[in-house]
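Step one of this worksheet: look at the structure below.
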């Protein structure tokens, strides 16, 4: 199955040292490595931007940007954005707040029948309002 990778998973892989990670985080990276090797990983441009934002040192920015260039951005269409707004409205009506990026990830995954790969537990709550598969290495 194709996996739409959330910012937090790529951040573990690209912005943190593996020697500083706990066993669950290392398992997450193992799953990411497998998905990359199997060419199942997809990336949204807004996730690319989130990953690069806040990197203070130009050398690290350039290194992360170069790695991310190995992943083409998913081309989005009007229906993706409309579905993201529907997801946002449904979640907010149920008292759940979230980011526009999270809701866009949910919408794109749902529309394309892809899995969301994240360690952000908010996505489990979003699943009550939009149908998508979820992959996480953290129980």
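Numbering (our numbering), first residue to last: 169 to 307.
Beta carbons are placed, not taken as given, at the ideal position from N, Cα and C, and that holds for glycine.
Note that the structure is predicted; figures quoted are calculated from it, not measured.
#### Entry: According to DSSP, residues forming a beta bridge with residue 285
173 and 303
### Message
Can you tell me whether residue 255 is helix, strand or coil according to DSSP?
### Response
helix
### Message
I'd like to know whether the C-beta atoms of residue 255 and residue 277 end up nearer to each other than 8 Å.
### Response
no
### Query
Taking DSSP as the reference, what is the three-state secondary structure of residue 201?
helix
### Message
Please state the DSSP three-state secondary structure of residue 231.
### Response
helix
### Query
How many whole angstroms separate the CB atoms of residue 236 and residue 252, which I take to be in contact at a CB cut-off of 8 Å?
At roughly 22 Å, the Cβ-Cβ gap does not stay under 8 Å, so residue 236 and residue 252 are not in contact.
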